[in-house]
Amino acid sequence: MPTIEEDREAILKLHKDWWEANHQLVIPLMQSVYPSGDSYLMFNANGHPYFGIEEKSKLWEWYQGQLDIVEFPDIEIMRLTISGDMAWIACEGVFPMRAIGDQGTGSDTWDMKGDAFENRLRATEIYQRDDGDGNPVWKMWHFHCSPLPDQDEPRPGFGDTGRERGLGAGPGITPLRVTDTGVRS
Numbered sequence: 001m002p003t004i005e006e007d008r009e010a011i012l013k014l015h016k017d018w019w020e021a022n023h024q025l026v027i028p029l030m031q032s033v034y035p036s037g038d039s040y041l042m043f044n045a046n047g048h049p050y051f052g053i054e055e056k057s058k059l060w061e062w063y064q065g066q067l068d069i070v071e072f073p074d075i076e077i078m079r080l081t082i083s084g085d086m087a088w089i090a091c092e093g094v095f096p097m098r099a100i101g102d103q104g105t106g107s108d109t110w111d112m113k114g115d116a117f118e119n120r121l122r123a124t125e126i127y128q129r130d131d132g133d134g135n136p137v138w139k140m141w142h143f144h145c146s147p148l149p150d151q152d153e154p155r156p157g158f159g160d161t162g163r164e165r166g167l168g169a170g171p172g173i174t175p176l177r178v179t180d181t182g183v184r185s
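This is the structure in structure tokens:
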């Protein structure tokens with residue numbers, strides 16, 4: 001049985017590979033993160049659900065003609081919790097992209113202003129030690145992404161802003177950052 005540190009490293013590698021795949025919409029790398037078959041479920045930032053790796057791949061093929069992810073996403077991990085064969089990550093980030101096709105994101109929920117867009121987002125990633133075929137290999141089984149408020153918008157009830165708090169930061173939180181070369185604190 002792997003140690004908790006080995007589990008942590010495996011999950012952080014999947015997390016890094018997921019965001020690295022997003023940078024240039026690299027479908028084979030993205031596919032390596034998820035379980036086989038229809039097990040995977042995504043709530044995309046465009047507001048729509050995607051079921052299984054085939055639907056996710058088709059979405060990315062469509063996005064390849066619509067969007068250019070202009071820089072590696074700046075993602076800060078707020079929480080990573082591992083319990084047995086399940087784990088989850090909560091993170092915030094900036095996802096810089098521009099429209100290269102007429103439909104952009106294809107969604108009113110994820111609207112782009114002009115041709116450039118710095119998408120501020122928050123995401124939850126759910127991992128399970130199961131590759132979709134019953135083998136004990138960590139894979140991401142669910143991903144949920146939604147927009148963050150403007151970084152200067154006061155937080156109701158507190159009055160502080162995202163800019164003041166810092167991306168991925170919060171009480172007792174030292175964010176971990178995913179980069180194209182790995183994960184660091």
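Heads up: the sequence shown begins at 1 in the UniProt record's numbering, then just goes up one per residue. Positions of the beta carbon are idealized from the N, C-alpha and C atoms, including for glycine.
Worksheet item: So what's His15 in DSSP terms, helix, strand or just coil?
Response: Residue 15 sits at position 15 when you count from the first residue of the sequence shown. Helix.
Worksheet item: Straight-line CA distance for Pro2 to Asp38?
Response: Numbered from 1 along the sequence shown, position 2 holds the residue referred to as residue 2. Numbered from 1 along the sequence shown, position 38 holds the residue referred to as residue 38. If you take the alpha carbons of Pro2 and Asp38, they lie about 27 Å apart.
Discussion item. Please give me, in chain order, every unbroken run of the beta strand (DSSP E) with length at least 3 that falls completely inside the region 105-148.
Written reply: Scanning the region 105-148 from its first residue to its last, the whole beta strand (DSSP E) runs of 3-plus residues come out as 116-129 and 138-147.
Discussion item. Going by DSSP, what residue range makes up the alpha helix (DSSP H) through Tyr63?
Written reply: Taking the sequence shown and counting its residues from 1, one reaches residue 63 at position 63. That run of the alpha helix (DSSP H) goes Gly52 to Gln64.
Worksheet entry | Helix, strand or coil at Ala169 [DSSP, three-state] | Stepping through the sequence shown from its first residue, residue 169 is reached at position 169. Three-state DSSP puts Ala169 in coil, outside helix and strand.
Worksheet item: What residue does the alpha helix (DSSP H) around residue 190 start on, and which one ends it?
Response: The structure shown does not extend to residue 190, since the chain is modelled only from 1 through 185, so no value can be given for it.
Worksheet entry | Backbone CA spacing between Trp138 and Ala90 [nearest angstrom] | In the sequence shown, residue 138 corresponds to position 138, counting from 1. In the sequence shown, residue 90 corresponds to position 90, counting from 1. About 17 Å.
Worksheet item: Hey, quick one: how far does the alpha helix (DSSP H) through Ile100 stretch, first residue to last?
Response: Residue mapping note: residue 100 aligns to position 100 of the sequence shown, counting from 1. Per DSSP, Ile100 belongs to no alpha helix (DSSP H) and is neither H nor E.
Worksheet entry | According to DSSP, residues forming a beta bridge with Ile89 | As a position in the sequence shown, residue 89 is number 89, starting the count at 1. Leu80 and Glu125, per the DSSP bridge assignment.
Worksheet item: Is it true that the region 55-75 meets the region 147-162, where meeting means three or more beta-carbon pairs spaced less than 8 Å apart?
Response: no
Discussion item. In this structure, how does DSSP classify Pro156 when only helix, strand and coil are distinguished?
Written reply: Within the sequence shown, the letter at position 156 stands for residue 156. Three-state result, Pro156: coil.
Item to complete: Go ahead and pull the three-state DSSP assignment for Met42.
Response: In the sequence shown, residue 42 corresponds to position 42, counting from 1. Of the three classes helix, strand and coil, the one that applies to Met42 here is strand, per DSSP.
Discussion item. Using CA atoms only, rank isn't needed, just tell me which of Gln31, Thr179 and Asn22 is closest to Glu55.
Written reply: Working through the sequence shown from its first residue, we reach residue 55 at position 55. Looking at the Cα atoms, Gln31 is the closest of the given residues.
Worksheet item: Mind checking Phe158: buried by the 16 CB within 10 Å criterion, or exposed?
Response: Start at 1 with the first residue of the sequence shown, and residue 158 comes out as number 158. It counts as exposed.
Worksheet item: Are the CB atoms of Glu118 and Pro96 nearer to each other than 8 Å?
Response: The sequence position of residue 118 within the sequence shown is 118, counting from 1. The sequence position of residue 96 within the sequence shown is 96, counting from 1. Yes; because the gap between Cβ atoms is below 8 Å, this pair is in contact.
Worksheet item: For Arg33, does the three-state DSSP call read helix, strand or coil?
Response: Within the sequence shown, numbered from 1, the residue matching residue 33 stands at position 33. Note that residue 33 is Val in the sequence shown here, rather than Arg. Correct three-state label for Val33: helix.
Worksheet item: Given that a residue counts as buried once 16 or more other Cβ atoms are within 10 Å of its Cβ, and exposed if not, what is Ile100?
Response: As a first step, residue 100 is located in the sequence shown; it is residue number 100 there, counting from the start. Counting Cβ neighbours within 10 Å, Ile100 comes out exposed, since fewer than 16 surround it.
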